[in-house]
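Student:
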Amino acid sequence: MNKITERIETFTDLEGIKHKSALHPNEWTLVTLAKKEKVSSTKSGCPIYTFRFSFPQETDQLGSFSGQYIAIQAKINNKIVKRFYSPTSTPSDHGFVEILVKVNLESTGMSGYLSKMEIGEKIKMMGPVDGFIYKPGNFKQMVLLSAGVGLSPMIQLARSIMKNSKDKTKIVFLHGNISENELVLFDEIKSYQENSPEQFTYTYALEKPGENWDGGEGYISKEIIEKHIDLELDPQIVMCGPKGFTNAMTKILKIQMNLPKEQVFSYW
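The opening position of the sequence shown corresponds to residue 1275 in my numbering, with each subsequent residue numbered one higher.
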């Protein structure tokens, strides 16, 4: 049983339409694969896909706050397999949920299973199961730190804040990756800064940038974080990525910068 006490059971939109939660934290719901699209390549040869699953009703909504994640379950090779994913769609979207998945095409696990699903096939989903809970107005500044496909929860958080005209939370979006080929939704992130430079800033650091790359090089460092973070705003830091990345960021934030643990949330 998942010990989730906060979720969005229903909400009513501006047109007066009531949207109930499609998912439950302790019950599985059958959702339908509506779209799958390759959005990036990776050095390892494992492409990144967006999967969209439709809910039973078009008016159904996810039922979780931005930052919380969901579970997906399937029977693979006669074994029950469960994996956790952070949605990239927002809580205010209805009728569907989207996730980013790094797919190992040779895998007999969940990512390989998802890649072989046909449009119209169903799979079990549950949520929210855990994660960070974001509510508008809780923070003056959020620092979203990610590497690789760990940007999934950051995309949802950024989208939720930027699409809400009443939410003035400042966002610092810091992302590390290998090369341009592995970047996901980069144009969307750039557009947030172009349209709202006083609210949203981003920095990408690539280990192996191409000749025409005009962004950061190397890794997300203490210097990069200190350049953008505003300690007077009591920033909330949220991070996700490979274990080596989150360990390094935790050392910088909690030990070198001496930030209180309450201001630093890590998905791993």
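We put the CB at the ideal spot given by N, CA and C, even for glycine.
Determine, using beta carbons only, whether residue 1401 and residue 1299 come nearer to each other than 8 Å.
Tutor: Their beta carbons are under 8 Å apart, which means residue 1401 touches residue 1299 by this criterion.
Student: Whose C-beta lies closer than 7 Å to the C-beta of residue 1460 among residues of the same chain, with five residues either side of it excluded?
Tutor: Around residue 1460: no qualifying Cβ.
Student: Assign residue 1423 to one of three DSSP states: helix, strand, or coil.
Tutor: Residue 1423: helix per DSSP, three-state reduction.
Student: Within 10 angstroms of its Cβ, does residue 1486 collect 16 or more other Cβ (buried), or is it exposed?
Tutor: Exposed is the call here.
Student: What would DSSP say about residue 1435, mapped onto helix, strand or coil?
Tutor: Reduced to three states, the DSSP call for residue 1435 is helix.
Student: Given a cut-off of 8 Å, decide if residue 1304 and residue 1229 are closer than it, judged by their beta-carbon atoms.
Tutor: What is shown of the chain runs 1275 to 1542, which leaves residue 1229 out entirely.
Student: DSSP beta-bridge partners for residue 1361?
Tutor: According to DSSP, which records beta bridges pairwise, residue 1361 is partnered with 1373.
Student: When the Cα atoms are used, what is the spatial distance from residue 1374 to residue 1515?
Tutor: Each residue's alpha carbon lies about 13 Å from the other.
Student: Curious, which full-length beta strand (DSSP E) runs of at least 3 residues does the segment 1457-1508 contain?
Tutor: Counting whole runs of 3 or more residues, the segment 1457-1508 contains the beta strand (DSSP E) stretches 1474-1480.
Student: Alpha carbons only, please: which of 1436, 1379, 1285, 1508 is nearest the one belonging to residue 1468?
Tutor: Comparing Cα-Cα distances from residue 1468 to each of 1436, 1379, 1285, 1508, the minimum goes to 1436.
Student: Which partner residues of residue 1311 appear in the DSSP bridge assignment?
Tutor: In DSSP, residue 1311 forms a bridge with 1324.
Student: Rounded to a whole number of angstroms, what is the C-alpha to C-alpha distance between residue 1434 and residue 1360?
Tutor: For residue 1434 and residue 1360, the distance between alpha carbons rounds to 13 Å.
Student: If you follow the alpha helix (DSSP H) that residue 1391 is in, where does it begin and where does it stop?
Tutor: Neither: residue 1391 is in no alpha helix (DSSP H) and is coded neither H nor E.
Student: Return the first residue and the last residue of the beta strand (DSSP E) that residue 1296 is part of.
Tutor: No beta strand (DSSP E) holds residue 1296; DSSP gives it neither H nor E.
Student: Measure the alpha-carbon distance for residue 1481 versus residue 1376 and round it to whole angstroms.
Tutor: The straight-line gap from Cα to Cα measures roughly 19 Å.
Student: Under 8 Å between the Cβ atoms of residue 1494 and residue 1450?
Tutor: Yes.
Student: Quick one: is residue 1288 buried, meaning 16 or more other Cβ sit within 10 Å of its Cβ, or exposed?
Tutor: Looking at its Cβ environment, which holds fewer than 16 other Cβ atoms inside 10 Å, residue 1288 is exposed.
Student: State buried or exposed for residue 1313, treating a residue as buried only when at least 16 other CB atoms are found within 10 Å of its CB.
Tutor: Label assigned to residue 1313: exposed.
Student: Would DSSP call residue 1430 helix, strand or coil?
Tutor: Reduced to three states, the DSSP call for residue 1430 is helix.
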